[in-house]
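Visitor:
Protein chains: 2
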Amino acid sequence: MEGGAESVATRIMVGVNESTIKGYPHASISSKGAFEWTLKKIVRSNTSSFKLLFLHVQVTDEDGFDDMDSIYASPDDFKTMNRRNKIRGLHLLEYFVHRCHEIGAPCEAWIKKGDPKEVILHEVKRVQPDFLVVGSRGLGPFQKVFVGTVSEFCVKHADCPVITIKRKPGEAPQDPADD
Amino acid sequence: MEGGAESVATRIMVGVNESTIKGYPHASISSKGAFEWTLKKIVRSNTSSFKLLFLHVQVTDEDGFDDMDSIYASPDDFKTMNRRNKIRGLHLLEYFVHRCHEIGAPCEAWIKKGDPKEVILHEVKRVQPDFLVVGSRGLGPFQKVFVGTVSEFCVKHADCPVITIKRKPGEAPQDPADD
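In order, the protein sequence lines correspond to chains V and W.
Take 345 as the starting number for the first sequence in this note's numbering and just add one per residue.
Take 345 as the starting number for the second sequence in this note's numbering and just add one per residue.
1. Where asparagine 361 of chain W and threonine 364 of chain V are concerned, what is the direct C-alpha to C-alpha distance, given to the nearest angstrom?
2. Identify the contact partners of threonine 508 of chain V in chain W, using a Cβ-Cβ distance below 8 angstroms as the criterion.
3. With 8 angstroms as the limit, tell me which residues of the segment 463-483 of chain V have their beta carbon closer than that to any beta carbon of chain W; keep them in chain order.
4. Count the other C-beta atoms from every protein chain shown that fall within 10 angstroms of the C-beta of valine 352 of chain V, then say buried if there are 16 or more, exposed otherwise.
5. Using three-state DSSP, classify lysine 395 of chain W as helix, strand or coil.
6. So is threonine 354 of chain W in contact with chain V if we call contact Cβ pairs under 8 angstroms?
7. Is there a Cβ from chain V that is less than 8 angstroms from the Cβ of isoleucine 373 of chain W?
8. Using only alpha-carbon positions, find the residue among V/Thr354, V/Glu462, V/Val477, V/Thr424 that is nearest to tryptophan 524 of chain W.
9. Does the contact criterion of 3 or more C-beta pairs under 8 angstroms hold for the segment 494-505 of chain V versus the segment 431-446 of chain V?
10. Can proline 460 of chain W and valine 403 of chain W be called in contact, C-beta distance under 8 angstroms?
11. If you reduce the DSSP assignment to three classes, tell me which class histidine 501 of chain W lands in.
12. Measuring alpha carbon to alpha carbon, tell me which residue in W/Ala449, W/Leu483, W/Lys423 is nearest lysine 384 of chain W.
13. Could you tell me which residues DSSP pairs with glutamine 402 of chain V in its beta bridges?
14. Consult DSSP for arginine 355 of chain V and reduce its assignment to one of helix, strand or coil.
15. For valine 478 of chain V, which residues from the same chain have a beta carbon less than 7 angstroms from its beta carbon, with the 5 sequence-adjacent residues on both sides left out?
16. Could you spell out where the alpha helix (DSSP H) holding lysine 423 of chain V opens and where it closes?
17. Less than 8 angstroms between CB atoms is the rule here; does glutamate 346 of chain V satisfy it with respect to chain W?
18. Would you kindly check if the distance between the Cβ of aspartate 522 of chain V and the Cβ of serine 374 of chain V is under 8 angstroms?
19. By the 7 angstroms beta-carbon criterion, what residues does the segment 385-396 of chain V contribute toward chain W?
20. Since glycine 377 of chain W is in the alpha helix (DSSP H), which residue starts that stretch and which ends it?
21. Work out the CA separation of valine 441 of chain V and asparagine 429 of chain W for me, nearest whole Å.
22. Would you report the Cα separation of arginine 388 of chain W and cysteine 444 of chain W, rounded to the nearest angstrom?
23. In angstroms, rounded to a whole number, what distance separates the CA positions of valine 471 of chain W and asparagine 426 of chain V?
24. So which of W/Glu462, W/Arg481, W/Lys510 has the shortest CA-CA distance to alanine 502 of chain W?
25. Pull up the DSSP beta-bridge partners for isoleucine 386 of chain W, would you.
26. Rounded to the nearest angstrom, what separates phenylalanine 401 of chain V and isoleucine 431 of chain W at their Cα positions?
27. If I follow the unbroken beta strand (DSSP E) through leucine 476 of chain V, where does it start and stop?
28. Terminal residues of the continuous beta strand (DSSP E) containing threonine 508 of chain V?
29. Between the alpha carbons of serine 480 of chain W and proline 520 of chain W, how many angstroms are there, rounded?
30. Glutamate 452 of chain V bridges to which residues according to DSSP?
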């Protein structure tokens, strides 16, 4: 089974996002869960067989959500905000890339802006991973109406197989819509 | 990364079914596709890291479908039919077990009777695989109304992550509902 098609690593795209919990550091609970599950159950110690591709989509209309109490008086104030968002996104990717380097798993990571559903679909078409891993908060039907589900959309529409890793019940924060 | 949790193989349950095409030998196109995809993209040459668990659900109310032109005059005639169904199911599993032995991948296979959706859910609860792989014909919404989708049901309700492998467009038979 060595050589030939085996020598090309299986490319796993992992959709990652930031935590919505104020003060929570960087990666969302479900992103971290999906990533750690992938390492433990798929990649295991066979790091040379796989390559991880981290995609983080920054939601444009949520820009400035954390800037609720800031005052914007000049265009420069917005530049600071954009820079801060960019830095936050980079810190998020740094978390995953750092973890991969620790265990010797090859990886790539990048940021795109837009609607997560559309951007993920577009990036799957462009990058053509072997499969996509997405985390999910594992919300019930009632909660889903309000918060939407990127994972279900990907399962239905992505041009590659998709595996959804639900957040463990024990890992859910007080408000299950948080992540 | 050797030893510890790494020494326990990742257990992959694969739902397999027979082809609906008359005369087509044993495994459905989508079952074979899902299985080969799992070998190529996940198991790769790391056969000792994984264990494949093949579940075949025999649909009870389809029993005798292939016996349309048979005449049943005594209870013994039905025994023959049941034996024939059982043999067909065993041949199906033989196909997958044989393939695993060829490449040295540990596996187990078994048959259950009942509604595929319910049985798969029940077996996932009982066997607790790390994830479930199911094939799908990749039908459009219009066709799905008539033929149902075991894969979508599993994605929604199974107690473990599920990965659905759609049949490639080039592999679809004349009637896409066939498999």
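Virtual Cβ for every residue (Gly too), placed ideally from N, Cα, C.
Guide: Result, derived from the coordinates:
1. 42 angstroms
2. Using a Cβ-Cβ cut-off of 8 angstroms, threonine 508 of chain V is close to Val499, Pro505, Val506 of chain W, given in chain order.
3. Asp474, Phe475
4. exposed
5. strand
6. yes
7. no
8. Here chain W has residues from 345 to 523 only, and residue 524 of chain W is not among them.
9. no
10. yes
11. helix
12. W/Ala449
13. V/Lys457
14. In the structure shown, arginine 355 of chain V sits in a strand (DSSP, three-state: E or B).
15. Gly359, Ala378, Val494, Ser495, Cys498, Val506, Thr508
16. 419-447
17. Note that glutamate 346 of chain V scores a pLDDT of 45, beneath 50, so its modelled location is shaky; the value from the coordinates is reported in the next line. Output row for glutamate 346 of chain V: interface = yes.
18. no
19. Lys385, Ile386, Arg388, Ser389, Asn390, Ser393
20. 373-382
21. 52 angstroms
22. 12 angstroms
23. 49 angstroms
24. If we check each option's Cα against that of alanine 502 of chain W, W/Glu462 comes out closest.
25. The partner list for isoleucine 386 of chain W (beta bridge, DSSP) is empty, contrary to what the question assumes.
26. Here residue 401 of chain V is valine; the residue named in the question, phenylalanine, does not match the sequence. Rounded to the nearest angstrom, the two C-alpha atoms are 51 angstroms apart.
27. 475-480
28. In the DSSP annotation of this structure, the continuous segment of the beta strand (DSSP E) that includes threonine 508 of chain V starts and ends at 506-510.
29. 11 angstroms
30. V/Leu397
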